Each structure stands twice: as C-alpha cells, then as structure tokens.
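Asker:
Numbering (this note's numbering), first residue to last: 6 to 301.
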C-alpha cells in the first residue's frame with residue numbers, strides 16, 4: 006500500500022468523539038434542560054409541596070406541640086413532624102414519590118428525544134460526531150441528573166421548612182430506638198438517594214416512549230398516563246400476584262432506612278426491580294432509536 010493510499014484512508018476514516026467532547030455534550034444537555042421554564046416550574050412545584058405540608062401541619066397542631074400519636078392517614082412519618090422537623094423530609098418524599106416526582110421525571114424523559122424531533126433539532130444533533138448511542142446515553146444521564154436534583158429539591162425544601170416551623174434534635178426510629186440528629190440527617194440524605202434511584206425505571210420507560218413518536222407532548226402525556234395507570238393497578242387487591250413486578254410497588258420501602266437495624270429486603274427488591282426496568286426499556290429505547298429513520 007502506497008503512502009498516498011494510507012493518507013487517503015486516514016482522511017476518510019471517521020474520528021471518534023473524544024471523552025472531552027462527550028462531557029461537553031452532557032454539559033450542554035444539562036444547561037439546556039435546566040434553563041427551560043418547564044423544568045424550573047416543575048422544580049418550583051416540587052419545592053412547594055413540603056412548604057404546604059409543613060404549613061398545614063403547623064396550622065392543624067396550633068403551637069406545634071399537639072402532633073402526638075394521632076397522625077390519621079397520610080405518610081407514615083406525619084405524626085412525628087411536630088416533635089422533630091427532620092421528619093418533614095421523610096413525609097415530603099413519601100408524599101411526592103407516588104405522583105409528583107414520577108410525573109416530573111416522565112415529562113423530562115418523555116420530551117428527551119421526541120421534543121428534539123418536534124423542534125427539528127434531532128437531525129442537527131446527529132450530524133455532530135455523537136452517534137445515536139452516545140446521544141441516547143447522554144439524554145438518559147441528563148434525565149437521571151434531573152431525578153437526583155428534583156429529589157434533593159424536595160428534601161432541602163422540607164428540611165428548611167422543618168427547621169423553621171418545628172424543633173430539631175434526636176430522632177426516634179420506627180423501631181423505637183433513638184439516634185442523633187447528625188445520624189438522622191445522614192439517613193435523610195441516604196433516603197433521598199434511594200428515592201432518586203427508585204426513579205431510574207420511570208426514566209428509562211419515558212425515554213423509550215420518547216423514541217416512538219415525534220411529538221414531545223404525546224410522549225409526555227403517554228408516560229404520565231402509564232404512571233397513573235400503574236399506580237391504580239398497584240392498588241387493586243385482585244392483582245396482588247402481579248403487583249410485586251410493578252415498578253412502583255416497592256417505592257415506599259425507603260421507610261425501612263429509618264429502622265434500627267435497617268430492614269434491607271424490600272430496599273434490595275426495589276433497586277433490583279428498577280435496574281431490571283432500566284435494562285429492559287433502555288435496551289428497547291436503544292433498539293428503536295438506532296434503527297428509526299430521523300426525518301426531523
């Protein structure tokens with residue numbers, strides 16, 4: 006082979022994107038996602054939920070000393086909030102996890118690919134040396150980052166309101182033992198991370214749906230509609246044999262992190278189930294996106 010042929014091959018050979026370029030793509034996706042008014046509005050709604058819960062409990066209990074053992078319905082930690090404001094973190098996460106957090110994730114994930122196609126920017130992104138697989142992984146990583154940020158927004162807002170409206174101090178676990186405030190704060194952070202990890206299945210489902218259509222609104226509506234449907238099915242007693250396979254079934258298992266010792270069984274089942282959903286729908290999204298014709 007002549008030197009001219011070697012040079013010609015080198016010129017024609019595609020250059021793989023560098024890791025630095027990949028990080029730049031991820032950073033660009035993050036900036037684009039978190040600058041949108043829709044994203045800011047979603048985070049604002051999530052931050053408002055703990056505020057409303059805290060104010061409602063403060064008004065209900067008067068001077069904040071009458072929470073006691075009542076609690077009635079609602080999240081399992083609600084009767085403890087008046088004794089320790091840190092419990093507002095656990096209550097807020099329990100209140101937002103069944104609907105508000107998944108809905109927000111469904112909106113972001115559903116719009117990830119379909120929104121680009123609807124805006125006519127998807128072909129432009131694929132002209133850059135990203136490749137479909139790399140772009141899909143970047144979109145999923147961005148969605149997972151939003152999962153973490155959204156969960157931390159709820160936890161931080163709840164912690165601020167709990168400290169403002171109620172006393173802080175040692176915590177009584179579900180098992181009846183006492184732990185220090187510092188340890189309780191550490192468990193609150195761990196719970197927030199578990200809640201964020203509990204949404205990876207929803208993120209993969211939304212991303213898969215986003216590859217099926219060119220309408221961002223349709224993808225978001227379908228994802229949110231499926232979330233609501235699964236939540237309803239998870240409450241029907243006649244479907245108890247199927248319910249352990251629903252991605253939402255073990256969501257509230259994070260409460261076991263407030264036991265002493267921690268009860269891990271349902272936590273492991275939850276994380277394993279989320280990983281399975283992420284693998285199945287992530288693979289389906291990859292198979293669909295890498296073979297579909299991009300016309301927009």
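We put the CB at the ideal spot given by N, CA and C, even for glycine.
Every value quoted in this text rests on a predicted model; they were computed, and no experiment measured them.
Could you name the residues of the same chain whose beta carbon sits closer than 7 angstroms to that of residue 163, not counting the 5 residues immediately before and after it, in chain order?
Answerer: The residues are 55, 93, 94, 97.
Asker: Can you confirm whether the stretch 233-247 touches the stretch 137-151 when touching is taken to mean that 3 or more C-beta pairs between the two stretches lie within less than 8 angstroms?
Answerer: Flag = no, the stretch 137-151 and the stretch 233-247 do not touch.
Asker: Using 10 angstroms around the beta-carbon of residue 199, count the other beta-carbons present and answer buried if the total reaches 16, otherwise exposed.
Answerer: Answer is buried; the Cβ neighbour count reaches 16.
Asker: Hey, how far is the Cα of residue 103 from the Cα of residue 31?
Answerer: Approximately 29 angstroms, taken between the alpha carbons.
Asker: When the Cα of residue 63 is compared with those of 86, 48, 107, which residue comes out closest?
Answerer: The shortest Cα separation from residue 63 among 86, 48, 107 belongs to 86.
Asker: Which runs of the alpha helix (DSSP H), 4 residues or longer, sit entirely within the stretch 95-147?
Answerer: 105-124, 127-132, all fully within the stretch 95-147.
Asker: Taking the alpha-carbon of residue 274 as reference, which of 283, 256, 291, 46 has the nearest alpha-carbon?
Answerer: Residue 256 is the option with its Cα nearest to residue 274.
Asker: So what's residue 86 in DSSP terms, helix, strand or just coil?
Answerer: Of the three classes helix, strand and coil, the one that applies to residue 86 here is coil, per DSSP.
Asker: Strictly under 8 angstroms for the Cβ-Cβ distance: is residue 163 near chain B by that measure?
Answerer: Although the question refers to chain B, the structure presented lacks it and comprises just one protein chain.
Asker: Leaving out the 5 sequence neighbours to the left and right, which residues in its chain are closer than 8 angstroms to residue 286 when beta-carbon positions are compared?
Answerer: Excluding residues within five positions, the ones whose Cβ falls inside 8 angstroms are 206, 209, 210, 212, 213.
Asker: Count the other CB atoms, across all protein chains shown, that sit within 10 Å of the CB of residue 295; report buried if there are 16 or more and exposed otherwise.
Answerer: Residue 295 comes out exposed.
Asker: Using only alpha-carbon positions, find the residue among 227, 204, 186, 290 that is nearest to residue 105.
Answerer: Per the Cα distances, 204.
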